[in-house]
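In what follows, a structure is listed as structure tokens, so that the remarks can point back to it.
Number of protein chains: 2
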Amino acid sequence: MLNFEFENKTKVIFGRGTEQQVGALTSQYGKKVLLHYGGGSVKKYGLYDIVVNQLKELDLHIVELGDVKPNPRLTLVRQGIELCKEEKIDFILAVGGGSVIDSAKAIAVGVFHDGDVWDFYSKKAKPKKTLPVGVVLTLPAAGSETSSSSVITNEEGWFKRGLNDNLIRPVFCIMNPELTFTLPEYQTACGAADMLAHVMERYFSNTKHVDLTDRLCEATMKTILLQSPKLIDNPEDYDARAEIMWAGTLAHNNLLDTGRVGDWASHGIEHELSGIYDIAHGAGLSIIFPAWMKYVYKTNVEKFAQFASRVFNIDYNFENPEETALKGIEALENFFLQLKLPIRLADANIGSDRIAEMANKVTNNGKHTRGNIVKLSTADIEEILKLAL
Amino acid sequence: MLNFEFENKTKVIFGRGTEQQVGALTSQYGKKVLLHYGGGSVKKYGLYDIVVNQLKELDLHIVELGDVKPNPRLTLVRQGIELCKEEKIDFILAVGGGSVIDSAKAIAVGVFHDGDVWDFYSKKAKPKKTLPVGVVLTLPAAGSETSSSSVITNEEGWFKRGLNDNLIRPVFCIMNPELTFTLPEYQTACGAADMLAHVMERYFSNTKHVDLTDRLCEATMKTILLQSPKLIDNPEDYDARAEIMWAGTLAHNNLLDTGRVGDWASHGIEHELSGIYDIAHGAGLSIIFPAWMKYVYKTNVEKFAQFASRVFNIDYNFENPEETALKGIEALENFFLQLKLPIRLADANIGSDRIAEMANKVTNNGKHTRGNIVKLSTADIEEILKLAL
Numbered sequence: 010m011l012n013f014e015f016e017n018k019t020k021v022i023f024g025r026g027t028e029q030q031v032g033a034l035t036s037q038y039g040k041k042v043l044l045h046y047g048g049g050s051v052k053k054y055g056l057y058d059i060v061v062n063q064l065k066e067l068d069l070h071i072v073e074l075g076d077v078k079p080n081p082r083l084t085l086v087r088q089g090i091e092l093c094k095e096e097k098i099d100f101i102l103a104v105g106g107g108s109v110i111d112s113a114k115a116i117a118v119g120v121f122h123d124g125d126v127w128d129f130y131s132k133k134a135k136p137k138k139t140l141p142v143g144v145v146l147t148l149p150a151a152g153s154e155t156s157s158s159s160v161i162t163n164e165e166g167w168f169k170r171g172l173n174d175n176l177i178r179p180v181f182c183i184m185n186p187e188l189t190f191t192l193p194e195y196q197t198a199c200g201a202a203d204m205l206a207h208v209m210e211r212y213f214s215n216t217k218h219v220d221l222t223d224r225l226c227e228a229t230m231k232t233i234l235l236q237s238p239k240l241i242d243n244p245e246d247y248d249a250r251a252e253i254m255w256a257g258t259l260a261h262n263n264l265l266d267t268g269r270v271g272d273w274a275s276h277g278i279e280h281e282l283s284g285i286y287d288i289a290h291g292a293g294l295s296i297i298f299p300a301w302m303k304y305v306y307k308t309n310v311e312k313f314a315q316f317a318s319r320v321f322n323i324d325y326n327f328e329n330p331e332e333t334a335l336k337g338i339e340a341l342e343n344f345f346l347q348l349k350l351p352i353r354l355a356d357a358n359i360g361s362d363r364i365a366e367m368a369n370k371v372t373n374n375g376k377h378t379r380g381n382i383v384k385l386s387t388a389d390i391e392e393i394l395k396l397a398l
Numbered sequence: 010m011l012n013f014e015f016e017n018k019t020k021v022i023f024g025r026g027t028e029q030q031v032g033a034l035t036s037q038y039g040k041k042v043l044l045h046y047g048g049g050s051v052k053k054y055g056l057y058d059i060v061v062n063q064l065k066e067l068d069l070h071i072v073e074l075g076d077v078k079p080n081p082r083l084t085l086v087r088q089g090i091e092l093c094k095e096e097k098i099d100f101i102l103a104v105g106g107g108s109v110i111d112s113a114k115a116i117a118v119g120v121f122h123d124g125d126v127w128d129f130y131s132k133k134a135k136p137k138k139t140l141p142v143g144v145v146l147t148l149p150a151a152g153s154e155t156s157s158s159s160v161i162t163n164e165e166g167w168f169k170r171g172l173n174d175n176l177i178r179p180v181f182c183i184m185n186p187e188l189t190f191t192l193p194e195y196q197t198a199c200g201a202a203d204m205l206a207h208v209m210e211r212y213f214s215n216t217k218h219v220d221l222t223d224r225l226c227e228a229t230m231k232t233i234l235l236q237s238p239k240l241i242d243n244p245e246d247y248d249a250r251a252e253i254m255w256a257g258t259l260a261h262n263n264l265l266d267t268g269r270v271g272d273w274a275s276h277g278i279e280h281e282l283s284g285i286y287d288i289a290h291g292a293g294l295s296i297i298f299p300a301w302m303k304y305v306y307k308t309n310v311e312k313f314a315q316f317a318s319r320v321f322n323i324d325y326n327f328e329n330p331e332e333t334a335l336k337g338i339e340a341l342e343n344f345f346l347q348l349k350l351p352i353r354l355a356d357a358n359i360g361s362d363r364i365a366e367m368a369n370k371v372t373n374n375g376k377h378t379r380g381n382i383v384k385l386s387t388a389d390i391e392e393i394l395k396l397a398l
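Going down the list, the sequences are from chains A and B.
FYI, our numbering numbers position 139 of the first sequence as 148, with every residue one higher than the one before it.
FYI, our numbering numbers position 287 of the second sequence as 296, with every residue one higher than the one before it.
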């Protein structure tokens, strides 16, 4: 186990009816609220009215910024920063999923930065101060509701880059599984793939003596595997929605990689895939992760066999652990297929023509490698993308 | 799954050499430090000097209060409160295990209370303000380093009572597994029993649809079962010490019972046992928990069979799950014996003469029941204590 620091200050308020606390919670932090949200579903299903009414009852001043897109855009973030400065906003309330929350976090740190907010995402600067951000979560997937990360897409070149800092964890997060009943099947499935991938990125590690975090990862993955298919059949299964919602948070709050180095190559590759093709992040991960596993498993067969055995209950082949490892990858693909997710680029109508371009972007034209189980070069990443065809 | 709130603000700094950060961390919170510790081991092994030198280098004013006993006493807490007021202390640094930390938490809230600090433990008052408490942990067991609880023993009647409040979580906690190399075998074993019991209290629950937290509990218990016996053979096994240290924290930081009601009868009974006989809390738990299990398992056979099957890998008897459940209890007893812990009152030289007195204290003379899997009366608790003879 490696040395580590762990700090997660976000207050979680979880369960039925908890959105009724949003006004009281918000009023603890600010008076002038930027209400940040995405498309029409927040308004369509009544959550918008519930939130606005509560804020108004407490005489909070509301400034709205909607229309956050999946793979949230830098242009809107810049707009949000200007708006916050003009209106002297002191609190940002993100109502939505990971894209809305990531966008809110970017705006919150951008307000206090003299330069362009992209500096934080291109690693030219580190944020020192932020507006407080609160969350009403409607889509369990990205884990952004308590995480230290934010991922933004720069439309100039379609670069998708992340910022990681404890400073940007939200101050509170309201999670009512009932608010996810109306999620379309595809979004539910993409969410499950995203949270599963967050655990797998941490799980596939060369760090030794990580028994506890290995087992915590396995526990979380098993829950995702068992509970998410229930939602395809019955989207209003409260208990399964609740398990998935809480699993999505724990998958990405940094507890599961305390004392170990994760891999994160698949996320790096997927970011360029969804940056260029604008597909859902979860769908990109269900394509990339199995291909990555096939390319790297031989360097750490025992870990991939452990995954197969402990997570998918595949009988361990003592004479041939490699066979067990491969069966685990196959079982993962079958899980994604059960959720009707793509597992090949062709399933998402993506061809081979921009593979070299994507691989180059992942390594910043060969300037650095990606991943940790294996440090991948541009050529390695091209091979992985070809395995995904 | 039930509605819940979860908030754990303690910053954890974990790993080799991390005690070197205690000065810098302390100076972020205060200038006048109450240094709180227990017996001689902190001085004997050099930690005291490391801490004091760092605080002095940063010109922090140090007031010392040592001599905290296991099952920490109210008298010393009251003394600490007076000392803090006289010396205008603004930060308490607890260097030690659960007893020292619990005592520090009690002092920290007592300073701002007009009445007697025992009011918080006898539920007559709720704390509203606290001094910040920092921790250098030397004994992984109680989980107090990030928990919301503090247990104090009132020598007038030897009542042992707990306070639970998010307010009293420490602001930081330094955890270096190397600092636990010198722990005597018995204390290591008692610590393992204590943390295992913290998970079991949460695990044995009648709350349904708690797949994720069930699995997280099982993951933590398996790690404790696998790693702690290594320390009996090799007390300087860094990796096993690290697993146990982190498991002890997670066992009691409230993550594992999010959305579920724990039982806590065994802790209630054990508190009176160690309150009267002054035995180690972990040793009391290794006596009480199996007896409690034998008394209540029939009301929720499937849960006890799940424990046997998933935690101890006992083959599930589909025709007779009760047999599986009983084998789990036996396996737990064998684990305690492997750690050379008592599993019967007689093993700790305790007879039957004060059973009625203890049972009465647990229920406050029959005024309330204890536990949740089964709501235990005074008579039930007497039976459990007899099963432990």
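Note that beta-carbon positions come from the ideal geometry of N, C-alpha and C, so glycine has one too.
Every value quoted in this text rests on a predicted model; they were computed, and no experiment measured them.
Looking at C-alpha atoms only, which residue of the options is the closest neighbour of residue i?
i: B/Leu205; options: B/Pro299, B/Ala134, B/Val120; result: B/Pro299
i: B/Leu43; options: B/Ser50, B/Thr35, B/Gly49; result: B/Thr35
i: B/Thr258; options: B/Ala201, B/Glu342, B/Asn343; result: B/Ala201
i: A/Lys312; options: A/Ile338, A/Asp287, A/Ala289, A/Ile352; result: A/Ile338
i: B/Ala115; options: B/Val126, B/Gly105, B/Gly107; result: B/Val126
i: A/Tyr247; options: A/Thr372, A/Thr191, A/Gly32; result: A/Thr191
i: A/Leu264; options: A/Arg250, A/Leu282, A/Met230, A/Cys226; result: A/Cys226
i: A/Val320; options: A/Leu67, A/Ser153, A/Tyr212; result: A/Tyr212
i: A/Asp287; options: A/Glu28, A/Thr19, A/Ser108, A/Val72; result: A/Ser108
i: B/His280; options: B/Val86, B/Thr372, B/Thr84, B/Gly26; result: B/Thr372
i: A/Tyr195; options: A/Val120, A/Ser295, A/Gln63; result: A/Ser295
i: A/Met209; options: A/Ala198, A/Val60, A/Asp223; result: A/Asp223
i: A/Gln63; options: A/Asn369, A/Ile22, A/Val31, A/Trp167; result: A/Val31
How should residue i be labelled, buried or exposed, when 16 other C-beta atoms within 10 angstroms of its C-beta is the threshold for buried?
i: B/Thr139; result: buried
i: B/Phe344; result: buried
i: A/Asn262; result: buried
i: B/Ser131; result: exposed
i: B/Asp58; result: exposed
i: A/Pro193; result: exposed
i: A/Asp6; result: Since the first residue of chain A shown is 10 and the last is 398, residue 6 of chain A is not available in this structure.
i: A/Thr308; result: exposed
i: B/Phe316; result: buried
i: B/Asp324; result: exposed
Over what stretch of residues does the beta strand (DSSP E) that includes residue i continue unbroken?
i: A/Phe13; result: 13–23
i: B/Leu44; result: 41–46
i: A/Phe100; result: 100–105
i: A/Ser158; result: 158–163
i: A/His122; result: From DSSP, A/His122 is part of no beta strand (DSSP E); its letter is neither H nor E.
i: A/Lys169; result: 168–173
i: B/Ile382; result: B/Ile382 -> no beta strand (DSSP E), and no H or E assigned at all.
i: A/Leu34; result: Per DSSP, A/Leu34 belongs to no beta strand (DSSP E); it is in the alpha helix (DSSP H), 31–36.
i: B/Val144; result: 142–146
Along the chain, where does the alpha helix (DSSP H) containing residue i start, and where does it finish?
i: A/Ile59; result: 56–66
i: A/Arg87; result: 83–96
i: B/Ile338; result: 330–347
i: B/Glu281; result: 274–286
i: B/Glu73; result: Not the alpha helix (DSSP H): B/Glu73 falls in the beta strand (DSSP E), residues 70–74.
i: B/Glu366; result: 364–371
i: B/Ser50; result: 50–53
i: B/Asp356; result: Taken as a continuous stretch (DSSP letters only), B/Asp356 belongs to no alpha helix (DSSP H), as it is neither H nor E.
i: A/Phe327; result: Unbroken run through A/Phe327: none, as it is neither H nor E.
Of all the residues that make up the region 16–28 of chain A, which are near chain B by a beta-carbon distance shorter than 9 Å?
Those residues of the region 16–28 of chain A placed with their C-beta closer than 9 Å to a C-beta in chain B are Glu16, Asn17, Lys18, Thr19, Lys20, Val21, Ile22, Phe23, Gly24, Arg25, Gly26, Thr27, ordered along the chain.
In chain order, each alpha helix (DSSP H) run of at least 4 residues that lies wholly inside the region 179–234 of chain A
Entirely contained in the region 179–234 of chain A, the alpha helix (DSSP H) runs reaching 4 residues are, in chain order, 194–212.
In the region 237–261 of chain A, which residues sit with their C-beta less than 7 Å from some C-beta in chain B, listed in chain order?
Considering only beta carbons, the part of the region 237–261 of chain A lying closer than 7 Å to chain B consists of Asp248, Ala251, Glu252, Trp255, Ala256, in chain order.
Alpha helix (DSSP H) runs contained entirely in the region 293–324 of chain B, provided each spans 4 or more residues:
310–315, all fully within the region 293–324 of chain B.
Any C-beta of chain B within less than 7 Å: which residues of the region 193–221 of chain A qualify?
Within the region 193–221 of chain A, the residues whose Cβ lies closer than 7 Å to any Cβ of chain B are, in chain order, His218, Asp220, Leu221.
Can you give, in chain order, each stretch of the alpha helix (DSSP H) that sits fully within the region 236–269 of chain B and has at least 4 residues?
Within the region 236–269 of chain B, the alpha helix (DSSP H) runs of at least 4 residues that lie entirely inside it are, in chain order, 247–259.
Contact residues within the region 309–334 of chain A, judged by C-beta distance below 8 Å to chain B
Hits within the stretch: zero.
Tell me which residues of the region 28–43 of chain B have at least one Cβ-Cβ distance to chain A shorter than 9 Å, keeping chain order.
Shown here is that no member of the region 28–43 of chain B has a Cβ falling below 9 Å from a Cβ of chain A.
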